[in-house]
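One structure is given below, encoded as structure tokens.
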Amino acid sequence: MSRFFIAIKYFVKCYMLLLHYVLYNENMAKYAMHQNSKGEEEMSKAIEKAAEIINSKVDYIGDGMEGYAVLSLIDDKGYPTSSPITISKADGINWMSFLTGIGTNKVNRIIKNNKAAVCLATSSYNINLVGKIDVITDTETKKEHWQNEFVKHHDLHNSPKYCTLKFKTERYSIYFSKENLFEEGEF
Numbered sequence: 066m067s068r069f070f071i072a073i074k075y076f077v078k079c080y081m082l083l084l085h086y087v088l089y090n091e092n093m094a095k096y097a098m099h100q101n102s103k104g105e106e107e108m109s110k111a112i113e114k115a116a117e118i119i120n121s122k123v124d125y126i127g128d129g130m131e132g133y134a135v136l137s138l139i140d141d142k143g144y145p146t147s148s149p150i151t152i153s154k155a156d157g158i159n160w161m162s163f164l165t166g167i168g169t170n171k172v173n174r175i176i177k178n179n180k181a182a183v184c185l186a187t188s189s190y191n192i193n194l195v196g197k198i199d200v201i202t203d204t205e206t207k208k209e210h211w212q213n214e215f216v217k218h219h220d221l222h223n224s225p226k227y228c229t230l231k232f233k234t235e236r237y238s239i240y241f242s243k244e245n246l247f248e249e250g251e252f
């Protein structure tokens, strides 16, 4: 199967998971109340596992889509758009950064509306993060968030052809199916 079809399959899966979350938010909230009664120790376990997964995806180089995050933004007509993207740097669920070209649809959408969501999902977990994302063009930040795989697509870190996208989580929803762990919250 070509990378394009793998990317489409992963995109559809993450998009459906995101839709599932939105449509069944009321049921998820009830479930969260039940899970919250289990105590802080188990809740921090979900965040810790999510952080490990996110940090393991930094600088992902591979053939499959399992290493990518899906970044969702709002287009100029007010509709959500999603695309797979490599995480260049992360601090667990707190924040993560991505590298992309200046003038791309992603950058143009962020300039108009910086609300965003990031999803990482497989059949055993679903990590949904909602927050704000900023376009950063200064050379020092780009150098700090550099990833070797990005060299294939753009010039050196001081090139005006690319920028860093820095996403900061404001609220989260984390679910691990095998362990039956669910947590959602806000920062």
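Mapping to the working numbering: the sequence shown position 138 is 203, numbers consecutive. Each residue gets a CB set at the ideal place from its N, CA and C atoms; glycine is no exception.
Could you tell me if residue i is buried or exposed, where buried requires 16 or more neighbouring beta carbons within 10 angstroms of its beta carbon?
i           : result
residue 142 : exposed
residue 174 : buried
residue 153 : buried
residue 156 : exposed
residue 144 : exposed
residue 166 : exposed
residue 225 : exposed
residue 131 : exposed
residue 171 : buried
residue 168 : exposed
residue 113 : exposed
residue 249 : buried
residue 244 : exposed
residue 208 : exposed
Are the Cβ atoms of residue i and residue j separated by less than 8 Å?
i           : j           : result
residue 239 : residue 192 : yes
residue 134 : residue 183 : yes
residue 146 : residue 138 : yes
residue 163 : residue 136 : yes
So the alpha helix (DSSP H) residue i belongs to, where does it begin and stop?
i           : result
residue 175 : 170-177
residue 206 : 204-209
If residue i sits next to residue j, beta carbons under 8 Å apart, how far is it from one beta carbon to the other, in whole angstroms?
i           : j           : result
residue 235 : residue 252 : 6 Å
residue 189 : residue 109 : About 19 Å separates the two Cβ atoms, so there is no contact after all.
residue 185 : residue 122 : 7 Å
Between which two residues does the beta strand (DSSP E) holding residue i run?
i           : result
residue 154 : 154-156
residue 239 : 227-241
residue 197 : 190-201
residue 166 : 160-166
residue 146 : 145-150
residue 137 : 134-139
residue 183 : 180-186
residue 248 : 246-251
Worksheet item: Using 8 Å as the Cβ pair cut-off and three pairs as the minimum, do the stretch 109-118 and the stretch 168-180 touch?
Response: no
Practice prompt. May I ask you to verify whether the stretch 228-238 touches the stretch 194-208, counting CB pairs closer than 8 Å and requiring at least 3?
Written response: yes
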